[in-house]
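Peer 1: To convert, note that position 62 of the sequence shown is 61 in numbering that gives the first Met the number 0; the numbers rise steadily by one, no gaps.
Built from N, CA and C at the ideal position, the CB exists for glycine as well.
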Amino acid sequence: MVTSGSRRFAWLSIAAAIATIALKLLAWQLTDSVGLLSDAIEAGVNLVGATAMLAMLILAARPADDEHAFGYSKAEYFASGFEGTLILAAAIAIAVAAVDRLITPRALTHIGAGLAVSVAATLINFAVARRLFEASQYYRSIALEADGKHLMTDVWTSVGVIIGVGAVAVTGWQLLDPLIALAVAAHILWSGMNLMKRSALGLLDRALLPAQLQVLEGVLEAYRARGIDFHAVRTRQAGARAFISMHVLVPGEWSITSSHDLAEAIEDEIRAALPGSSVFTHLEPLGHPASYRDTELDP
């Protein structure tokens, strides 16, 4: 769930972005490499994305109210979608700079010092990305996961740039520098499109992931073995929260109290198996014709 703990990791990402921007800009100034410039531009995207993530995590943590009865957890999708948009913009800016350098190539300078600074920035991003991945699993936060993936993409981008600029120093082939920058642009373009796709699917109330559905089915199957049945099972993911609804079919001769106690037990087991879930059940009598009229998605 979104808590002050998850927001601490957003601040960590912001601090890392500021540090890596400074280091990568220094590396670019030392070398005049458009490849390293592309790396610095992506670091700037990291900063804006991490700031947006912090704002959306704060919003997502707000409790439900009369106007938003299901809470604000979907705000996380706006953060990841915004970050994906920024990545696309950065890819375009990098490609423009690379094409310009292809047309008017320039020799690189102070390559050794520039690469050393870039390596330091890359190590910072790698360490922070690992922490964000761990935190995203613990807090079940798509915003932290998206930022971690973005930083890890930045790490591999930086590794490619460092190898490429090193190759320029060894071979003297100046065109390698802008060609590497174009490869970087294509790589982060793919990353940005994936982030935007996942955010859009989240806003469209996509069902739980297959692994989560398998856990849910495991809970229900144990009750089916006891003669209880289920239909109209619906699931949707909203940031760190999951919403699950279903009809529980019990023997018609059961009392309201017994049926209600069973529904409560089922809800408790699902919440224990899938933390962060809100579970809604509707009781119906087994075998009664009216119980089967609303099993379709749009009855």
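Would you mind giving the Cβ-Cβ distance between E75 and L56, rounded to the nearest angstrom? I have them listed as a contact below 8 Å.
Peer 2: Stepping through the sequence shown from its first residue, residue 75 is reached at position 76. Stepping through the sequence shown from its first residue, residue 56 is reached at position 57. Contact flag correct, Cβ pair sits at about 7 Å.
Peer 1: So who's on the other strand from D204, going by DSSP bridges?
Peer 2: Here residue 204 corresponds to residue number 205 of the sequence shown, with the count starting at 1. The partner list for D204 (beta bridge, DSSP) is empty, contrary to what the question assumes.
Peer 1: Around the C-beta of D299, are 16 or more other C-beta atoms found within 10 angstroms, so that it is buried, or is it exposed?
Peer 2: As displayed, the chain neither begins before 0 nor continues past 298, which places residue 299 out of reach and without an answer.
Peer 1: Output yes or no for whether 8 Å exceeds the beta carbon distance between I269 and V218.
Peer 2: If you number the sequence shown from 1, residue 269 lands on position 270. If you number the sequence shown from 1, residue 218 lands on position 219. A contact, by the Cβ cut-off of 8 Å.
Peer 1: If you reduce the DSSP assignment to three classes, tell me which class E268 lands in.
Peer 2: In the sequence shown, counting from the first residue as 1, residue 268 sits at position 269. Helix, per DSSP.
Peer 1: In whole angstroms, what separates the C-alpha of G113 from that of D153?
Peer 2: Mapped onto the sequence shown, residue 113 falls at position 114. Mapped onto the sequence shown, residue 153 falls at position 154. Distance between G113 and D153, taken at the CA atoms: about 17 Å.
Peer 1: By the three-class DSSP mapping on this structure, what secondary structure does E216 have?
Peer 2: As a first step, residue 216 must be located in the sequence shown, where it is residue number 217. Helix, per DSSP.
Peer 1: May I have the straight-line CA-CA distance separating R235 from H287, to the nearest angstrom?
Peer 2: If you number the sequence shown from 1, residue 235 lands on position 236. If you number the sequence shown from 1, residue 287 lands on position 288. Looking at the two C-alpha atoms, the distance is approximately 28 Å.
Peer 1: DSSP has F229 in a bridge; who is on the other side?
Peer 2: The count along the sequence shown starts at 1 and reaches residue 229 at position 230. Partner(s): V247.
Peer 1: What are the start and end residues of the alpha helix (DSSP H) that includes H149?
Peer 2: Position 150 of the sequence shown holds residue 149. Unbroken alpha helix (DSSP H) run through H149: 141 to 170.
Peer 1: Assuming A134 and S5 make a contact with CB atoms under 8 Å, what is their CB distance in whole Å?
Peer 2: Taking the sequence shown and counting its residues from 1, the one referred to as residue 134 is at position 135. Taking the sequence shown and counting its residues from 1, the one referred to as residue 5 is at position 6. Contact holds; Cβ gap of about 6 Å.
Peer 1: So, for D204: in the same chain, excluding its five sequence neighbours on each side, which residues have a beta-carbon less than 7 Å away from its beta-carbon?
Peer 2: In the sequence shown, the residue the question calls residue 204 occupies position 205. Here the set comprises R235.
Peer 1: With DSSP as the reference, label R240 as helix, strand or coil.
Peer 2: On the sequence shown, position 241 is the one that residue 240 refers to. Reduced to three states, the DSSP call for R240 is strand.
Peer 1: Going by DSSP in three states, H281 sits in which element: helix, strand or coil?
Peer 2: What you label residue 281 is simply residue 282 of the sequence shown in a count that begins at 1. It is a strand residue.
Peer 1: Roughly how many angstroms lie between the CA atoms of D146 and M192, to the nearest whole one?
Peer 2: For the purposes of this step, residue 146 is taken as the residue at position 147 of the sequence shown. For the purposes of this step, residue 192 is taken as the residue at position 193 of the sequence shown. The alpha-carbon atoms of D146 and M192 are separated by roughly 14 Å.
Peer 1: Terminal residues of the continuous alpha helix (DSSP H) containing V133?
Peer 2: On the sequence shown, position 134 is the one that residue 133 refers to. Looking at the sequence itself, residue 133 is Glu, so the reference to Val does not match. Element bounds for E133: 110 to 138.
Peer 1: Would the stretch 32 to 41 count as touching the stretch 134 to 144 if we require 3 or more Cβ pairs under 8 Å?
Peer 2: At 8 Å Cβ cutoff, the stretches do not touch.
Peer 1: Over what stretch of residues does the alpha helix (DSSP H) that includes A224 continue unbroken?
Peer 2: Start at 1 with the first residue of the sequence shown, and residue 224 comes out as number 225. Note, A224: premise wrong, no alpha helix (DSSP H); not H, not E.
Peer 1: Going by CA-CA distance only, name the one from I93, I265, L58 that's closest to G306.
Peer 2: Residue 306 lies beyond the range of the chain shown here (0 to 298); nothing can be said about it.
Peer 1: Is the stretch 73 to 88 touching the stretch 237 to 249, taking contact as three or more C-beta pairs under 8 Å?
Peer 2: Yes, the stretch 73 to 88 is in contact with the stretch 237 to 249.
Peer 1: Please state whether the Cβ-Cβ distance between L273 and V214 is less than 8 Å.
Peer 2: The residue you call residue 273 lines up with position 274 of the sequence shown. The residue you call residue 214 lines up with position 215 of the sequence shown. A contact, by the Cβ cut-off of 8 Å.
Peer 1: Could you pull out every residue in the same chain whose Cβ sits closer than 6 Å to the Cβ of S244, ignoring the five residues on either side in sequence?
Peer 2: Residue mapping note: residue 244 aligns to position 245 of the sequence shown, counting from 1. So the list reads R233, F279, once near-sequence residues are dropped.
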